[in-house]
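Okay, so here's the structure we're looking at.
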DNA sequence: GCCAACGTTGGC
DNA sequence: GCCAACGTTGGC
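As structure tokens, then:
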């Protein structure tokens, strides 16, 4: 049984169009343990991912991606020049893991946060929980299916 | 740009 | 182990 996920990205930094162009992307820079754990322990190659635009004029789900690799150490944690450098991590015992994702499709329209919040079918979804900031989060199968019907 | 909510750090 | 201070996320 495959799991479903949602991953947030700021479109100014990396948008669904960037993923479409590059086809494939290492999801680096996650520095939250819960999000890391989902990538490291929960994700399997082939799992589907909602691509979500955050911190922008119209936050919402804009596309679908797919987990393309197993988890491996995020290279940026070892790079002193990277803003994601973590002096507390070592190659022997890396703190941060990531997966690569690949482009599947761009939705015909943005399914906005506003409509997701207003939809009673999505009660309890991590994304719409008050104060939820997780940038990598699981999506229940029923919620996934329902959201697909909204496109 | 503001600020509420949350996670992390570090003093004690 | 508590909790205040700080930094970050992300909607608005």
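Numbering (full-length UniProt numbering), first residue to last: 1 to 151. Idealized CB from N, CA, C, for every residue including glycine.
Can you have a look at residue 118 and say buried or exposed, based on whether 16 or more other CB atoms are within 10 angstroms of its CB? Residue 118 is exposed by the Cβ-count criterion.
Below 8 Å CB to CB, which residues in the same chain sit around residue 23 once its five sequence neighbours on both sides are set aside? Within the same chain, residue 23 has close Cβ partners 102, 103.
In terms of DSSP beta bridges, what is residue 147 paired with? DSSP output for residue 147 lists no bridge partner at all.
Who are the Cβ neighbours of residue 61 in its own chain at under 6 Å, not counting the five residues just before and after it? Once the five neighbours on either side are set aside, the close Cβ partners of residue 61 are 50, 52, 111.
Alpha carbon to alpha carbon, what distance is there between residue 145 and residue 107? Linking residue 107 to residue 145 through their CA atoms gives a straight-line distance of about 14 Å.
If we count the other Cβ atoms within 10 Å of its Cβ and call it buried at 16 or more, is residue 33 buried or exposed? Exposed: under 16 other Cβ atoms inside 10 Å.
Nearest residue (CA-CA) to residue 15, options 67, 40, 140, 105: Among 67, 40, 140, 105, the Cα nearest to that of residue 15 belongs to 105.
If you drop the 5 nearest sequence neighbours on each side, which residues of the same chain put their C-beta closer than 8 Å to that of residue 35? Hits under 8 Å: 134, 135, 136, 137.
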